[in-house]
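Here the structure comes first, spelled out in structure tokens, and everything after it is commentary.
Numbering (our numbering), first residue to last: 39 to 200.
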């Protein structure tokens, strides 16, 4: 069986507000992507919506699974040194309530360390083509903070050949 892969990378700072909510990490499209041969992260999304600006649309953080199957999620986030005491991250199914309703998983809360704060995480779950996935982050600094690098990856092992 073919493994379906989408690998996204963000190589510019992205500001994350401190408003008590988790925020979708947004990723660029096209040549700025690491890998998306199965079309799981596109400007024209499967539900008919077209993204005008990836920097301002939370839809730019969605991966729409190309197949039903066992999904292996990986994320990397590097936080710029800041005034936070806690950093948070999680994966979320349908974070924008476009299909089945938001459902978070693999939530982590991490204490601040000196300097930049780089983290990686891995989680596995069943994925479905009509239910997009996102990597979300939060912090508690009292003012906006920046992530300076991020990656979000999905590898799908289909439950049956497409």
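Glycine residues also receive a C-beta, built at the ideal position from the N, C-alpha and C atoms.
Bridge partners for residue i per DSSP, in chain order?
i: residue 62; result: 174
i: residue 82; result: 88
i: residue 155; result: 117
i: residue 141; result: 131
i: residue 163; result: 109
i: residue 53; result: 184
So, for residue i: in the same chain, excluding its five sequence neighbours on each side, which residues have a beta-carbon less than 7 Å away from its beta-carbon?
i: residue 105; result: 42, 167, 194, 196, 200
i: residue 85; result: 136
Is residue i helix, strand or coil when you go by DSSP?
i: residue 126; result: strand
i: residue 149; result: strand
i: residue 99; result: helix
i: residue 109; result: strand
i: residue 48; result: strand
Taking Cβ positions, are residue i and residue j nearer each other than 8 Å?
i: residue 114; j: residue 79; result: no
i: residue 171; j: residue 111; result: yes
Short of 6 Å in beta carbon distance, which residues of its chain neighbour residue i, apart from the five on each side in sequence? Order them along the chain.
i: residue 176; result: 60, 126
i: residue 47; result: 72, 189
i: residue 66; result: 92
i: residue 45; result: 72, 73, 191
Cutting at 8 Å between CB atoms, please list the residues of its own chain near residue i, excluding the five before and the five after it.
i: residue 51; result: 118, 184, 185, 186
i: residue 180; result: 56, 121
Tell me where the beta strand (DSSP E) around residue i begins and ends.
i: residue 183; result: 183-196
i: residue 94; result: Unbroken run through residue 94: none, as it is neither H nor E.
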